[in-house]
Every structure is written in C-alpha cells, then in structure tokens.
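Asker: Okay, handing you the structure first.
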Amino acid sequence: MHAVPTLEPSDTGGYRTRVSNIAEEPASEAVAVPGGSLWTLSRGAGLPLVLAHGGPGLSNNLEPVAGMVDDLARVHLYDQRGCGRSRANGPFDIATLVADLEALRTHWRHERWVVGGHSWGAALALFYALAHPDRTLGVIYLAGTAIRWGWKDGVQRERLSRLTAAERQELRALGARLESNGDERDRARFLRLMWSTDFASRAAAAVLDSQPLYSFPRADAVARAVQNDWKARLDEGIEDDLRRLTAPVLVVHGRRDPDPTGAREVADLAPCGQWAPLDNAGHSAWLEQPAAMRQVLRAFLGSLR
28 MHAVPTLEPS DTGGYRTRVS NIAEEPASEA VAVPGGSLWT LSRGAGLPLV LAHGGPGLSN
88 NLEPVAGMVD DLARVHLYDQ RGCGRSRANG PFDIATLVAD LEALRTHWRH ERWVVGGHSW
148 GAALALFYAL AHPDRTLGVI YLAGTAIRWG WKDGVQRERL SRLTAAERQE LRALGARLES
208 NGDERDRARF LRLMWSTDFA SRAAAAVLDS QPLYSFPRAD AVARAVQNDW KARLDEGIED
268 DLRRLTAPVL VVHGRRDPDP TGAREVADLA PCGQWAPLDN AGHSAWLEQP AAMRQVLRAF
328 LGSLR
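Okay, so the sequence shown: first residue is 28 according to the numbering used here, each after it adds one.
Written out as structure tokens, the structure is:
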C-alpha cells in the first residue's frame with residue numbers, strides 16, 4: 028500500500044483532491060447485477076474510468092490500455108454480461124448492458140466517471156453516455172464504428188481485399204463449416220484470418236501468432252442478440268442525441284483501420300468531440316502505436332481533471 032492523491036466529487040459538482048491508500052495490485056471482484064454477476068478488475072488511482080471490451084460476445088483485453096493511464100485514473104475493466112468470466116443471464120440487449128454499467132458505477136460509488144471502450148465497446152460507452160449524460164465526465168471512443176449500420180458492409184469488403192485469393196477461399200470454406208458443425212480449430216483459424224486484416228500491415232498482424240487477443244471464446248448467442256439490438260438502435264438514429272451530448276468525446280482511430288473514417292462522424296456531431304487519428308495503426312492501436320495512443324489518452328484525461 029502507498030499513499031497517492033485521488034480525486035473525489037465535491038458538493039459543488041467539481042472535484043477535490045484526497046490522499047488515500049490505494050492497493051498497488053489490481054483488485055478482481057464479482058459484482059452482483061440482476062441475473063448474475065459481472066467479473067471486474069480495478070487498478071490505479073485518480074479519475075474514475077471504465078473500459079468496455081469489443082465484440083459483442085468477446086471478453087476483456089484492455090489491460091494494456093489501462094496500464095497507459097492507471098497513474099491518472101482508477102481504471103475499471105470487466106467482462107460484459109454473458110461473456111468471459113461474467114455469469115449473468117439475459118436479456119442481452121443495449122438497455123441491459125447500459126444498466127450493467129450504471130450498476131457498476133453505483134457499486135463503486137462514483138458520482139461521475141469517464142466511460143470508454145474499444146470497437147463495439149466504444150459504441151456501448153457512447154450509448155451509456157447518451158442515457159446517463161449527468162453521470163458522464165467524458166467518453167473515450169477507441170476504434171469505434173460509424174453510427175449507421177451500413178458500416179459493416181464496407182468493413183467486410185475492406186477486410187476481404189486485404190486477404191489473398193487463397194485466404195479468401197479458405198475463409199469462405201471455414202465460414203460454411205462453422206454454419207453447420209465446425210469445431211474450435213475452425214473458429215480459431217476463421218478469427219485469425221479475419222483479425223489479421225485489422226492491422227496496419229500483415230507483418231504487424233504476426234502478433235496474433237504469439238498472443239491471442241482474447242482469453243475466452245466468443246459467446247455467439249450473446250453476439251447475435253446484441254448485434255440485432257445494436258442495428259435496431261442505429262436504424263432509429265442517434266444523431267440528434269449525440270448533438271445534445273455535452274461531455275467531451277475523444278475519438279481515437281487508426282488510419283489503417285478497416286473502416287478508417289466511419290467514426291469521424293461521432294467527433295463531428297458531438298459538441299465537444301475530438302478526432303485523434305493515429306498513423307500506421309489499425310483496429311487495435313495500442314498494439315501497433317502504443318506511445319501515440321498513450322499520449323492521446325493521457326492528454327484527454329488530463330484535460331478533465
């Protein structure tokens with residue numbers, strides 16, 4: 028244990044500094060929510076920040092991102108409902124996942140916090156901010172999607188263009204097998220091929236051979252249910268809600284992401300939006316350009332203090 032300065036809400040709506048003893052080691056905790064519990068991991072001290080993983084249906088892989096800012100922020104990581112180490116039942120929809128985030132905020136007694144996420148998790152963080160603007164200090168939108176569902180078609184075309192003809196043929200064969208009775212080896216190879224296109228170069232994608240991006244298999248039923256609701260929400264339109272969001276929104280995006288510009292509209296529509304493109308980075312910029320990612324995140328969090 029060691030004494031570190033932390034920030035806590037004041038009665039006037041701002042923050043005051045308080046010195047307290049914070050454990051140096053990350054603390055894992057199962058937090059009860061309706062229908063089960065969520066696995067969480069908390070580390071660091073300072074502004075409260077939660078990071079939501081991508082997917083839908085995957086699990087937390089954002090420890091490297093947390094490590095970039097955990098001297099500035101109390102960072103909370105977690106596995107979403109039905110994913111990874113969390114043991115919560117459905118429903119699997121955006122309203123429930125937003126309610127889970129609000130339950131976590133209440134559990135940790137944060138008056139307001141910064142909500143962030145990667146890919147699908149960025150969209151979830153944004154949905155939370157739109158539902159709870161009074162609880163949101165800021166939004167970190169890492170490699171998030173466009174706010175119209177048509178983005179998926181463009182991403183699929185770009186991904187396929189980054190594969191060789193032989194790889195495209197293999198991908199189609201694997202997809203067909205997975206539709207019927209494919210095994211985990213088929214699934215792993217399918218995802219390896221798809222995710223290799225998320226990087227700025229094929230050489231950079233070699234990291235997938237030495238370290239898996241996720242520790243747990245994708246929860247396919249969760250993914251399908253959430254994607255259906257996600258599409259419905261975007262089809263309804265969130266542009267007007269985004270224009271009313273007063274919290275600062277940082278959009279960090281690799282220029283070599285399969286969808287290099289779709290998230291730009293989030294920064295453009297949010298009144299306090301910031302567009303931060305990263306050169307020579309794809310969909311997981313912290314793996315390819317960690318120094319640039321660290322600098323952008325720290326500057327944003329510093330501006331909120």
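Quick reminder that beta carbons are idealized off the backbone N, C-alpha and C, glycines included.
(1) How long is the line joining the alpha carbons of residue 159 and residue 194, rounded to whole angstroms?
(2) Measure from the alpha carbon of residue 186 to the alpha carbon of each residue in 286, 154 and 79, then state which is nearest.
(3) With H, G and I counted as helix, E and B as strand and the rest as coil, what does DSSP make of residue 282?
(4) Can you tell me whether residue 69 is buried or exposed, with buried defined as 16 or more other CB within 10 angstroms of its CB?
(5) Does DSSP put residue 324 in a helix, a strand or coil?
(6) For residue 63, report the span of its alpha helix (DSSP H) as first-last.
(7) Can you list, in chain order, the residues of its chain whose CB lies under 6 Å from that of residue 253, leaving out five sequence neighbours each side?
(8) What three-state label does DSSP hand residue 147 in the structure shown?
(9) Hey, how far is the Cα of residue 323 from the Cα of residue 116?
(10) Hey, residue 139 and residue 99 are a contact pair by Cβ (cut 8 Å); roughly how many whole angstroms apart?
(11) Just reading off the alpha helix (DSSP H) that residue 91 is part of, what are its end residues?
(12) Leaving aside the five residues before and after residue 281 along the sequence, list all residues of the same chain whose C-beta is less than 6 Å from its C-beta, in chain order.
(13) Within the continuous alpha helix (DSSP H) that includes residue 335, where are the two ends?
(14) Just grab the DSSP bridge partners of residue 183 for me.
(15) At the level of alpha carbons, what is the spacing between residue 141 and residue 224?
(16) Opposite residue 77 in the DSSP bridges: which residues?
(17) If we call anything under 7 Å between Cβ atoms a contact, is residue 172 one with residue 156?
Answerer: According to the data block:
(1) 44 Å
(2) 286
(3) coil
(4) buried
(5) helix
(6) Counting along the chain, residue 63 falls outside any alpha helix (DSSP H), though it belongs to the beta strand (DSSP E) covering 63–71.
(7) 83 and 119
(8) helix
(9) 36 Å
(10) Actually they do not touch by this definition, with Cβ atoms about 16 Å apart.
(11) 90–96
(12) 305, 308, 309 and 312
(13) It is not possible to answer for residue 335, since the shown part of the chain is limited to 28 through 332.
(14) DSSP output for residue 183 lists no bridge partner at all.
(15) 30 Å
(16) 103 and 142
(17) no
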